[in-house]
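Chemist:
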Amino acid sequence: MALLEVKNLGISFGGLRAVNAFDIEIEKGQLYGLIGPNGAGKTTIFNLLTGVYKPDEGIIKLDGENITGKKAIDINKAGIARTFQNIRLFKDMSVKDNVKVGLHNHHPYSTLEGILRLPRYFKVEKEMDERAMELLKVFDLDREADLLASNLPYGKQRKLEIARALATDPKLLLLDEPAAGMNPNETKELMDTIRFVRDKFDMTILLIEHDMKLVSGICEKLTVLNFGEVLKQGDTSTVLNDPQVITAYLGE
Amino acid sequence: MIMMSEQKKTKGKLKLNKVTKNDLITYLMVVIAYVIVEILLKTGNLSSLLQGLLVPLCTYVILAVSLNLTVGILGELSLGHAGFMCIGAFSSALFSLGLKDSIANEGLRFFIAILVAAASAALCGILVGIPVLRLKGDYLAIVTLAFGEIIKNIINAIYLGVDSHGIHISMTDTMSLGLEPDGKVLIKGAQGITGTPHDSNFTIGVVLILLSLIIINNLVHSRTGRAVMSIRDNRIAAESVGINITKYKMIAFTISASLAGVAGALYSHNLSTLTALPKNFGYNMSIMILVFVVLGGIGNMRGSVIAAVILTLLPELLRGLNNYRMLIYAIVLIAMMLFNWSPRTVAWKEKMAEKLKRTKKEEV
Chain A
0 MALLEVKNLG ISFGGLRAVN AFDIEIEKGQ LYGLIGPNGA GKTTIFNLLT
50 GVYKPDEGII KLDGENITGK KAIDINKAGI ARTFQNIRLF KDMSVKDNVK
100 VGLHNHHPYS TLEGILRLPR YFKVEKEMDE RAMELLKVFD LDREADLLAS
150 NLPYGKQRKL EIARALATDP KLLLLDEPAA GMNPNETKEL MDTIRFVRDK
200 FDMTILLIEH DMKLVSGICE KLTVLNFGEV LKQGDTSTVL NDPQVITAYL
250 GE
Chain B
0 MIMMSEQKKT KGKLKLNKVT KNDLITYLMV VIAYVIVEIL LKTGNLSSLL
50 QGLLVPLCTY VILAVSLNLT VGILGELSLG HAGFMCIGAF SSALFSLGLK
100 DSIANEGLRF FIAILVAAAS AALCGILVGI PVLRLKGDYL AIVTLAFGEI
150 IKNIINAIYL GVDSHGIHIS MTDTMSLGLE PDGKVLIKGA QGITGTPHDS
200 NFTIGVVLIL LSLIIINNLV HSRTGRAVMS IRDNRIAAES VGINITKYKM
250 IAFTISASLA GVAGALYSHN LSTLTALPKN FGYNMSIMIL VFVVLGGIGN
300 MRGSVIAAVI LTLLPELLRG LNNYRMLIYA IVLIAMMLFN WSPRTVAWKE
350 KMAEKLKRTK KEEV
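Structure below.
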């Protein structure tokens, strides 16, 4: 059984059919790419998968559980975490605290325990600190742990967003244009990081990306979207050599 | 040499982390200010005018700090903070007056009165928050503004009395309460509550300031505080990592309201006659508290304390200058605003802080 199963997903905004009859199946551990021209509906699909929008029709199943139409927080609890195309960090909080917000639901203690500083507060906070530093180390951000998130350079902000998403311990990680605005060196480094995350955390990753070098470099399967519909689906090399895909998106 | 550097390392580990240290400095400042004032009081160096200002001063500090929780940490604008103070003031005064004879122990009575104030203000916070905090945008500012005015006007219209049959409430006048001869009127409409026991004093005020600061600082540096700040910084991202937006907004807003209620209890037990005037519980009061918060630095608790103290004392200290009083007050407001918020002074302050750090390191 596939980890993510989407059937016949669709949504309209007024008269505009943004996504229509969208199907996708992602196996556990796969690195899956979602590509297509601007306005094809890629981010809309992410928003549908994470509960920002409610689909007009279709079914979304994660690990066999039907999560269609659930609220964003419940979908996160079910196991989908994401990053955003325009970075959305908690910019006035420290780098470490950003990750600790991600850990929120996995390391609970009550508000009262926090205010009264009962023993549980210290115990759980210590666990959170250790876990947060572990995650930051993976992304080579441990030395910046006490900086404000907004003071990080662009590439590191992207990495921090991934770290924060991973902190929620997801089954499926959605990355929305992780390489946007990065130079070739940063992109290469990011490719290694994504691969590393997949191997180390045994993660399934679905990513939107325009950088074809990154897509062809790490994605095992691709779905090409055009005008809200699936244009082509399959192994990366097959899809990228498809004449239809070349005319619609890649260009000659 | 090596041993020394090793010693320093362990010392560094034992050191409190920066955040805790910052909080402790604030508490210490309050305690030192308290000791200085007490010494001035004992040696008789404080004018009676300033003496009368001490408890209201504590009230304003608590109000400023509690509003800062809503404005600075939660990132919502509340324009009716005086309304929550009003609720706390009247509910606790009513409690103390009603049970003046039943509870003889002053300390215990005031302690319960404070709890009553906190609980009733928190309840109002929840009632206001349930519909409003679900919305996005500046609706909270509009609703709290209306709430403050409504509370003030309702209290001005209420008559409440007790007799052997129980509690009587009327909205017209004292006569229509229909009290038995043994009954007594507790709230007399626009004349308010008279005869509240004089239970609060400067020491209790300072203790309450410290408690409010500890509650808020501990909250901010806990899991709950991080969740609240994440909503302030980016609501969509907070939702995407599984933060329950409404729940944490409610928690922060309710705690903020209940602390304002505590300030109200402190305020009302300092006055023999408590009336709901525009001056003490109206819109102007709410704005004044907001001015403390903004000038002290949004999200900066120590700044709120300092701003509340300076801006309350200033008009009194400048009394001798008569006509120029408000002029100087306005200039101080502008100067504080520039010092705290203008990009140039902010950059300058950062530069100085860095220099200080570097010289310290070199000394080491």
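Protein chains in written order, with numbering that gives the first Met the number 0: chain A, 0 to 251; chain B, 0 to 363.
Backbone N, C-alpha and C define an ideal beta-carbon position, used for all residues, glycine too.
1. Taking all protein chains shown into account, do 16 or more other C-beta atoms lie within 10 angstroms of the C-beta of residue 301 (chain B), making it buried, or fewer, making it exposed?
2. Do you know how far the Cα of residue 286 (chain B) is from the Cα of residue 90 (chain A)?
3. Would a C-beta distance cut-off of 7 angstroms place residue 61 (chain B) and residue 211 (chain B) closer than the cut-off?
4. Using the Cβ count rule (16 or more neighbours within 10 Å means buried), how would you classify residue 364 (chain B)?
5. Could you pull the start and end residues of the alpha helix (DSSP H) that residue 80 (chain B) belongs to?
6. Under 7 angstroms between the Cβ atoms of residue 91 (chain B) and residue 267 (chain B)?
7. Give me the DSSP bridge partner(s) of residue 80 (chain A).
8. Look at the alpha carbon of residue 76 (chain A) and the alpha carbon of residue 174 (chain A), and state the distance between them as a whole number of angstroms.
9. Nearest-angstrom Cα distance between residue 107 (chain B) and residue 99 (chain B)?
10. If you measure beta-carbon to beta-carbon, which residues of the stretch 144-164 of chain B are closer than 8 angstroms to chain A?
11. Threshold first: 4 residues or longer. Then list the alpha helix (DSSP H) segments lying entirely within the stretch 101-150 of chain B, N to C.
12. Looking at the secondary structure, which residues open and close the beta strand (DSSP E) in which residue 229 (chain B) lies?
13. How would you write the range of the beta strand (DSSP E) that residue 22 (chain A) sits in, first residue to last?
14. Please identify, using Cβ separations under 7 angstroms, the residues of the stretch 101-119 of chain A that lie next to chain B, in order along the chain.
15. For residue 164 (chain B), is the classification buried or exposed, using 16 other Cβ atoms within 10 angstroms of its Cβ as the cut-off for buried?
16. With 7 angstroms as the limit, tell me which residues of the stretch 196-223 of chain B have their beta carbon closer than that to any beta carbon of chain A; keep them in chain order.
17. Using a Cβ-Cβ distance under 7 angstroms, would residue 202 (chain A) count as near chain B?
18. Can you tell which of B:63, B:28, B:29, B:20 has its C-alpha closest to the C-alpha of residue 255 (chain B)?
19. For residue 249 (chain A), which residues from the same chain have a beta carbon less than 6 angstroms from its beta carbon, with the 5 sequence-adjacent residues on both sides left out?
20. Going along the chain, which unbroken runs of the alpha helix (DSSP H) with 4 or more residues stay wholly within the stretch 143-209 of chain A?
21. For residue 82 (chain A), which of A:209, A:227, A:205 has the nearest alpha-carbon?
22. So that I know if they touch, is there some Cβ in chain B lying closer than 7 angstroms to that of residue 96 (chain A)?
23. List the residues of chain B whose Cβ lies closer than 8 angstroms to the Cβ of residue 81 (chain A), in chain order.
24. Compare the C-beta of residue 121 (chain B) with all C-beta atoms of chain A and state if any pair is closer than 7 angstroms.
25. Could you work out which residues of chain A lie near residue 232 (chain B), taking near to mean beta carbons separated by less than 8 angstroms?
26. What separation, rounded to the nearest whole angstrom, lies between the Cα atoms of residue 11 (chain B) and residue 139 (chain A)?
27. Beta carbon of residue 95 (chain A), beta carbon of residue 131 (chain A): below 7 angstroms?
28. Would you mind stating whether residue 257 (chain A) and residue 159 (chain A) have Cβ atoms separated by less than 7 angstroms?
29. Inspect the CB distances between the stretch 191-211 of chain B and the stretch 42-62 of chain B and report whether three or more fall short of 8 angstroms.
30. Could you list which residues in chain B have their beta carbon closer than 7 angstroms to that of residue 167 (chain A), in chain order?
31. Quick check: what's the CA-CA separation for residue 194 (chain B) versus residue 116 (chain B)?
32. Is the CB of residue 131 (chain A) under 7 angstroms away from at least one CB in chain B?
33. In the DSSP output, which residue or residues are listed as bridge partners for residue 341 (chain B)?
34. Between the stretch 128-152 of chain A and chain B, which residues of the former have CB atoms less than 7 angstroms from a CB of the latter, in chain order?
35. Among B:154, B:180, B:203, which one has its Cα closest to the Cα of residue 170 (chain B)?
36. Just to check my reading of the structure: residue 229 (chain B) and residue 242 (chain B) have Cβ atoms closer than 8 angstroms, yes? What is that Cβ distance to the nearest angstrom?
Modeler: According to the structure data:
1. Looking up residue 301 (chain B) in the second sequence gives position 302. Its Cβ being crowded by 16 or more others within 10 Å, residue 301 (chain B) is buried.
2. Residue numbering aside, residue 90 (chain A) sits at position 91 when the first sequence is read from its first letter. Residue numbering aside, residue 286 (chain B) sits at position 287 when the second sequence is read from its first letter. Roughly 28 angstroms between the two C-alpha positions.
3. Stepping through the second sequence from its first residue, residue 61 (chain B) is reached at position 62. Stepping through the second sequence from its first residue, residue 211 (chain B) is reached at position 212. Closer than 7 angstroms, so yes.
4. Residue 364 (chain B) falls outside the range modelled here, since chain B spans only 0 to 363, and no answer is possible.
5. Reading the second sequence from its first residue, position 81 is the one you call residue 80 (chain B). Run containing residue 80 (chain B): 80-97, per the alpha helix (DSSP H) assignment.
6. Translated into the one-based positions of the second sequence, residue 91 (chain B) becomes position 92. Translated into the one-based positions of the second sequence, residue 267 (chain B) becomes position 268. Result yes, Cβ atoms of residue 91 (chain B) and residue 267 (chain B) sit closer than 7 angstroms.
7. Taking the first sequence and counting its residues from 1, one reaches residue 80 (chain A) at position 81. Looking at the DSSP assignment, residue 80 (chain A) forms a beta bridge with A:172.
8. For the purposes of this step, residue 76 (chain A) is identified with residue 77 of the first sequence, where counting begins at 1. For the purposes of this step, residue 174 (chain A) is identified with residue 175 of the first sequence, where counting begins at 1. Looking at the two C-alpha atoms, the distance is approximately 17 angstroms.
9. If you number the second sequence from 1, residue 107 (chain B) lands on position 108. If you number the second sequence from 1, residue 99 (chain B) lands on position 100. Note on geometry: alpha-carbon atoms of residue 107 (chain B) and residue 99 (chain B) lie some 11 angstroms from one another.
10. none
11. 105-131
12. The residue you call residue 229 (chain B) lines up with position 230 of the second sequence. For residue 229 (chain B), no beta strand (DSSP E) segment is defined; the enclosing uninterrupted segment is the alpha helix (DSSP H) at 222-232.
13. For the purposes of this step, residue 22 (chain A) is taken as residue 23 along the first sequence, with counting starting at 1. The continuous beta strand (DSSP E) containing residue 22 (chain A) extends over residues 15-25.
14. Cβ contacts with chain B: 101, 103, 104, 108, 110, 113, 114, 116.
15. Counted from its first residue, the second sequence places residue 164 (chain B) at position 165. Looking at its Cβ environment, which holds fewer than 16 other Cβ atoms inside 10 Å, residue 164 (chain B) is exposed.
16. 214, 217, 218, 221, 222, 223
17. As a position in the first sequence, residue 202 (chain A) is number 203, starting the count at 1. Chain B, which has no Cβ nearer than 7 angstroms to the Cβ of residue 202 (chain A), makes this no.
18. Within the second sequence, residue 255 (chain B) is the residue found at index 256, counting from 1. Taking only the C-alpha atoms, the option nearest residue 255 (chain B) is B:63.
19. Within the first sequence, the letter at position 250 stands for residue 249 (chain A). Hits under 6 angstroms: none found.
20. 153-166, 183-200
21. Translated into positions along the first sequence, residue 82 (chain A) becomes position 83. Comparing Cα-Cα distances from residue 82 (chain A) to each of A:209, A:227, A:205, the minimum goes to A:205.
22. The residue given as residue 96 (chain A) occupies position 97 in the first sequence. By this cut-off, residue 96 (chain A) is an interface position.
23. Within the first sequence, the letter at position 82 stands for residue 81 (chain A). Simply 239.
24. For the purposes of this step, residue 121 (chain B) is taken as the residue at position 122 of the second sequence. No, no contact with chain A.
25. Position 233 of the second sequence, counting from 1, holds the residue named residue 232 (chain B). 88, 89, 90, 91, 92, listed in chain order.
26. Position 12 of the second sequence holds residue 11 (chain B). Position 140 of the first sequence holds residue 139 (chain A). Caution applies to residue 11 (chain B), whose pLDDT of 40 falls short of 50 and renders its modelled position unreliable; the model cannot decide the point.
27. Against the first sequence, residue 95 (chain A) aligns to sequence position 96. Against the first sequence, residue 131 (chain A) aligns to sequence position 132. Contact flag set, yes.
28. Outside the shown range of chain A, which is 0 to 251, sits residue 257 (chain A), and nothing can be said about it.
29. yes
30. What you label residue 167 (chain A) is simply residue 168 of the first sequence in a count that begins at 1. Chain B residues near residue 167 (chain A): 240, 241.
31. Numbered from 1 along the second sequence, position 195 holds the residue referred to as residue 194 (chain B). Numbered from 1 along the second sequence, position 117 holds the residue referred to as residue 116 (chain B). Cα-Cα distance, rounded: 17 angstroms.
32. Locating residue 131 (chain A) in the first sequence gives position 132, counting from the first residue. No, residue 131 (chain A) does not count as interfacial toward chain B.
33. As a first step, residue 341 (chain B) must be located in the second sequence, where it is residue number 342. Paired residue(s): none; residue 341 (chain B) is not in a bridge.
34. none
35. Mapped onto the second sequence, residue 170 (chain B) falls at position 171. Nearest of B:154, B:180, B:203 to residue 170 (chain B), Cα basis: B:154.
36. Residue mapping note: residue 229 (chain B) aligns to position 230 of the second sequence, counting from 1. Residue mapping note: residue 242 (chain B) aligns to position 243 of the second sequence, counting from 1. Right, their Cβ atoms sit about 6 angstroms apart.
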